[in-house]
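Student: Protein chains in written order, with my numbering: chain A, 1 to 110; chain B, 111 to 718.
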Amino acid sequence: MVDFGYKIQADRQINLDITNKALANFVKKHENSFNTCIGCGTCTATCSTAKFTDFNFRRLQLYIRRGETEQVKTEIAKCMLCGKCQLACPRGVNTRNVIMMIKKGLEAQL
Amino acid sequence: MNFAWFVLPFSLGLFLLFILVIFKISFWVRQLPLRDRLLLNRGIFSLKIFKVIKEVIMESLLHRRIFKINPVLGFMHMSFAFGWFMLILVGNMESRLYAGTELNLPYYAIFFKYFLHQPLTIPFAEGFTFIMDFFLVLVLSGLLIALSKRIYSRVVGMKRTTKLKPFDVFAMLSLWFIFPFRLLAESMAAGMYHTGGFLTQPLGNFFAGFLPLGPLSYAMWWAYSIALGVFFVSLPYSRYMHIPTEIVLIAFRHVGIRRTKEYDMFKDVEVFSCSRCGICIDKCQLNTMAQVNTIQSAYFIKSIRKKNQQEAVVQNCLVCGRCQEFCPVGIKTDDLRLSQRMIFENREIADFHYLPQDVPVKTDILYFAGCMTHLTPSIKKAMLNILNSSGISYRFMDEDGSICCGRPLMLSGNNKDALKLMQTNKDIIRSSEAHTLVTSCPICLRVFKEDYNLNINVVHHTQFIENLIAEGKISLENSGAKISYHDPCELGRGLGIYDEPRNVLSQTGVLLKNSLERKSSLCCGGSVANNQNYNINKDKISKEVVAHLSAKEPDMIATACPLCKKSLVKYADIRVADIAELVSEQMVSNKADASRAEKKFNVESVEA
């Protein structure tokens with residue numbers, strides 16, 4: 001096979017009707033301000049951790065809503081829980097508790 | 111030998127109480143680490159024992175600290191504790207003098223008036239009967255206050271008193287019934303044998319007029335004994351366990367038993383020492399400003415005792431330290447709260463391998479802004495301006511982004527994760543060989559001071575600025591602006607830094623007095639320690655705190671914590687500034703520079 005420099009990308013289609021929403025529901029149930037997130041990314045812009053590494057709270061909440069729990073696991077371990085994002089959030093999301101609840105949800109293997 | 115069947119409930123109750131209390135105390139002592147047990151042994155057989163006895167008299171009997179906080183409540187507790195203690199003490203003295211022997215069974219003194227069938231014949235007999243009646247009146251007056259407190263708590267100046275569970279009410283009622291029964295029994299005995307004093311004798315004579323005193327007084331002695339017995343048996347299981355436990359707590363404190371971060375025996379003794387007096391409930395801003403009234407220390411401590419800790423209760427607290435400051439027993443409620451949060455820690459361990467490991471440049475003075483200061487760049491800018499114009503050499507430790515100090519993780523119970531961050535920061539600080547670490551954030555300051563074991567000088571920027579002024583490295587011009595100062599919790603109650611910020615502020619403007627300051631200062635509401643569905647409550651608290659700080663119409667509100675600034679600025683109509691900002695603006699050299707720059711700009715604009 002001649003290598004033309006192209007390759008087949010893995011399928012990135014996500015069917016929101018059949019994804020595993022257990023973690024998303026768990027977080028929403030225990031911290032309902034998570035519902036108000038509009039994914040603006042202010043949290044990520046101010047994040048202390050994001051200064052050093054590729055940590056992105058906005059992407060994290062997307063993963064959770066899409067049911068991509070595996071990616072969440074490696075990402076969430078990076079958070080230093082400093083709380084800057086909570087103060088920056090224009091929607092009043094209690095981000096520190098969201099992080100803690102995500103961890104709790106992962107522990108419960110949702 | 112004097113004996114009557116009705117002494118049995120009392121005697122049995124007392125015996126059981128004795129066994130249970132001894133068992134509990136020996137449990138605490140046995141569970142202590144060896145080092146602490148030795149300390150306790152050595153401490154008890156040294157002069158420290160006199161300090162312990164003194165404090166037991168001052169606090170457990172006279173309740174000096176409650177008197178300071180709330181005189182009516184202090185009187186209530188004192189009348190019960192001291193009044194009852196004196197009744198027992200004087201009762202024992204008179205009965206033993208009368209019987210002519212020291213070897214009496216405990217019940218003899220308690221039911222002495224039953225066995226006494228003639229007026230007292232001992233020396234100072236009238237004095238004894240007077241004293242006994244006097245202390246009975248004292249206890250009854252306390253009982254009256256306690257009763258009205260339960261009906262309408264504002265009588266004793268409390269907006270809210272502790273809500274009790276049925277068993278607590280049962281134990282409380284058994285305590286309450288003891289004294290009226292004693293009054294009735296002794297009065298009736300006095301009515302028959304003329305043994306009473308100024309209260310019991312007239313009352314006895316009155317009863318003698320129309321009541322069959324013989325059988326009735328016997329019933330009263332039974333009732334009195336049963337009330338005592340029931341109270342004694344319920345004591346170890348109710349909040350009244352605080353009576354014996356507080357003595358243990360005072361002893362532990364004086365001999366210097368170590369405190370750890372975990373839930374240890376010291377904390378267990380503290381839990382049992384809580385009398386649920388409810389002073390913490392009135393001091394809690396979540397109660398007074400946000401109507402959250404299930405999480406206060408009294409309830410929280412009870413949940414620990416019942417081993418029924420709810421995560422929502424444990425986590426819903428500002429850890430502002432107000433209740434701790436006013437606790438009459440001196441329970442370290444903040445430490446207790448954090449020790450319980452460790453139960454609910456995240457088992458998903460954090461991974462901080464991404465943190466930079468670069469070796470910092472060596473320096474004498476390190477400046478650590480902290481995450482929150484990076485979020486309020488005006489404080490950072492002001493601080494850098496002060497540091498630069500004072501001409502000292504320093505390094506900005508977290509110029510390219512902060513590695514969190516670890517305190518937010520500790521406040522959420524994740525101490526293991528916090529240790530990793532702390533180690534990283536510690537390595538950076540150690541290898542910089544700095545002798546002074548300056549930080550702008552009281553949250554970082556506290557953890558640097560208390561948990562890092564740095565062995566270098568760790569100061570808050572207000573302390574550092576005060577020092578710079580004293581050394582003449584910067585000089586300030588007083589703007590005359592009226593300033594209302596807000597004490598940050600971690601800086602004030604947490605570390606006792608009250609004067610330095612005030613000294614600096616009084617050089618930049620006119621500092622206004624405030625009715626709730628220093629130890630009783632309010633929390634801004636923005637605490638990183640609370641992470642339970644919190645934003646609504648936080649806003650309620652911040653709003654009220656701003657209203658309180660603006661009451662005297664200041665020109666600006668000053669604070670010394672970036673997080674406080676951030677929370678207060680949301681609701682303030684006037685300027686909210688950190689002390690560093692005010693100092694930076696009022697520095698004399700800085701003013702000259704500013705006016706020069708302005709002139710230059712004017713010249714340029716004219717030329718253009």
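Glycine included, C-beta positions come from ideal geometry on N, C-alpha and C.
Indicate the three-state DSSP secondary structure (helix, strand or coil) for Asn524 (chain B) in the structure shown.
Tutor: Coil.
Student: How is the alpha helix (DSSP H) around Leu476 (chain B) delimited, first residue to last?
Tutor: That residue, Leu476 (chain B), is in no alpha helix (DSSP H); its beta strand (DSSP E) goes 475–478.
Student: So, is Glu380 (chain B) buried or exposed, given that buried needs 16 or more other C-beta atoms within 10 angstroms?
Tutor: It counts as buried.
Student: Which of the residues in the segment 454–477 of chain B, read from start to end, lie with their CB under 8 Å from any CB of chain A?
Tutor: Those residues of the segment 454–477 of chain B that come within reach of chain A (Cβ to Cβ, closer than 8 Å) are Asn456, Arg457, Glu458, Ile459, Ala460, Asp461, Phe462, Tyr464, Leu465, Pro466.
Student: So does the segment 465–481 of chain B actually touch the segment 493–510 of chain B, counting three or more Cβ pairs closer than 8 Å?
Tutor: Yes, the segment 465–481 of chain B is in contact with the segment 493–510 of chain B.
Student: What does DSSP give as the partner residue(s) for Arg505 (chain B) in the beta ladder?
Tutor: The partner list for Arg505 (chain B) (beta bridge, DSSP) reads B:Leu476.
Student: Can you tell me the Cα-Cα spacing of Gly719 (chain B) and Gln395 (chain B), whole angstroms?
Tutor: The structure shown does not extend to residue 719 (chain B), since chain B is modelled only from 111 through 718, so no value can be given for it.
Student: For the putative contact between Val471 (chain B) and Ala639 (chain B), defined by C-beta atoms under 8 Å, what is the C-beta separation to the nearest angstrom?
Tutor: No, Val471 (chain B) and Ala639 (chain B) are not in contact; Cβ-Cβ is about 34 Å, not under 8 Å.
Student: Among B:Ser652, B:Lys417, B:Thr549, which has the Cα closest to the Cα of Leu601 (chain B)?
Tutor: The shortest C-alpha separation from Leu601 (chain B) is found at B:Thr549.
Student: Beta-carbon of Gly92 (chain A) versus every beta-carbon of chain B: anything under 8 Å?
Tutor: Chain B, which has a Cβ nearer than 8 Å to the Cβ of Gly92 (chain A), makes this yes.
Student: Quick check: what's the CA-CA separation for Val716 (chain B) versus Glu587 (chain B)?
Tutor: For Val716 (chain B), the predicted structure reports a pLDDT of 45, less than 50, and the residue's modelled location is therefore unreliable. The matter cannot be settled from this model.
Student: Check Tyr262 (chain B) in the structure and name its three-state DSSP category.
Tutor: The answer is coil: DSSP assigns Tyr262 (chain B) none of H, G, I, E or B.
Student: What does Glu107 (chain A) reach in chain B if we use C-beta pairs closer than 9 Å?
Tutor: The contacting residues are Asn456, Arg457, Glu458.
Student: Would you say Lys103 (chain A) reaches chain B, if we count a Cβ-Cβ gap shorter than 8 Å as a contact?
Tutor: Yes - at least one Cβ of chain B is within 8 Å of the one on Lys103 (chain A).
Student: Is there at least one Cβ from chain B nearer than 8 Å to Lys29 (chain A)'s Cβ?
Tutor: Chain B, which has no Cβ nearer than 8 Å to the Cβ of Lys29 (chain A), makes this no.
Student: Flag this pair as yes or no: are the beta carbons of Val739 (chain B) and Ile575 (chain B) separated by less than 8 Å?
Tutor: Since the displayed chain B opens at 111 and closes at 718, residue 739 (chain B) lies outside it and no answer follows.
Student: Could you tell me which residues DSSP pairs with Ser594 (chain B) in its beta bridges?
Tutor: The partner list for Ser594 (chain B) (beta bridge, DSSP) reads B:Ile667.
Student: What are the residues that DSSP puts in a beta bridge with Thr546 (chain B)?
Tutor: Thr546 (chain B) is bridged to B:Ile475, B:Asn567.
Student: Using beta carbons (cut-off 8 Å, strictly below), is Asn641 (chain B) in contact with chain A?
Tutor: Taking Cβ atoms only, chain A reaches closer than 8 Å to Asn641 (chain B), which makes this a yes.
Student: Measuring CA to CA, which of B:Val686, B:Phe116, B:Thr398, B:Ile496 is closest to Arg270 (chain B)?
Tutor: The option with the nearest alpha carbon to Arg270 (chain B) is B:Thr398.
Student: Strictly under 8 Å for the Cβ-Cβ distance: is Lys676 (chain B) near chain E by that measure?
Tutor: Here chain E cannot be found, since the structure's protein chains are A and B.
Student: Where in the segment 306–384 of chain B do unbroken runs of the beta strand (DSSP E), each at least 3 residues long, occur, reported from the N-terminal end onward?
Tutor: Correct list: empty.
Student: So Met330 (chain B) contacts chain A; which residues on that side make the cut at Cβ distance below 9 Å?
Tutor: Those within 9 Å of Met330 (chain B) in chain A number zero; the least Cβ separation is about 57 Å.
Student: To which residues of the same chain is Arg96 (chain A) closer than 7 Å at the C-beta, ignoring the five residues directly before and after it?
Tutor: Hits under 7 Å: Leu81, Gly83, Gln86.
Student: Out of B:Ser407, B:Met268, B:Thr239, which has the shortest C-alpha to C-alpha gap to Val182 (chain B)?
Tutor: Among B:Ser407, B:Met268, B:Thr239, the Cα nearest to that of Val182 (chain B) belongs to B:Met268.
Student: For Asp561 (chain B), I'd like the list of residues in its chain whose CB is within less than 7 Å of its CB, leaving aside the five on either flank, ordered along the chain.
Tutor: Taken in chain order, the residues that qualify are Met532.
Student: Taking 8 Å as the CB-CB limit, is Gly153 (chain B) close to chain A?
Tutor: So no, Gly153 (chain B) is outside the interface.
Student: Check whether the Cβ atoms of Ser660 (chain B) and Gly636 (chain B) lie closer than 8 Å to each other.
Tutor: For Ser660 (chain B) and Gly636 (chain B), no; Cβs fall outside 8 Å.
Student: In chain order, what residues of the segment 72–85 of chain A put their CB closer than 9 Å to some CB of chain B?
Tutor: From the segment 72–85 of chain A, only Lys73, Thr74, Ile76, Ala77, Lys78, Cys79, Met80, Leu81, Cys82, Gly83, Lys84 have a Cβ closer than 9 Å to chain B.
Student: Listing by chain order, which chain B residues have their CB less than 8 Å from the CB of Phe57 (chain A)?
Tutor: Neighbours of Phe57 (chain A) on chain B: none; closest Cβ ~14 Å, over 8 Å.
Student: Starting from Asp688 (chain B), follow the beta strand (DSSP E) in both directions and report where the run begins and ends.
Tutor: Residues 685–688.
Student: So who's on the other strand from Leu586 (chain B), going by DSSP bridges?
Tutor: According to DSSP, which records beta bridges pairwise, Leu586 (chain B) is partnered with B:Met697.
Student: Note the first and the last residue of the continuous alpha helix (DSSP H) segment covering Asp444 (chain B).
Tutor: First-last of the alpha helix (DSSP H) with Asp444 (chain B): 443–451.
Student: With burial defined as no fewer than 16 other Cβ atoms inside 10 Å of the residue's Cβ, what is the status of Gln467 (chain B): buried or exposed?
Tutor: That one is exposed.
Student: Only counting runs of 3 or more residues, tell me where the beta strand (DSSP E) segments fall wholly within the segment 207–258 of chain B, in order along the chain.
Tutor: Runs found: none.
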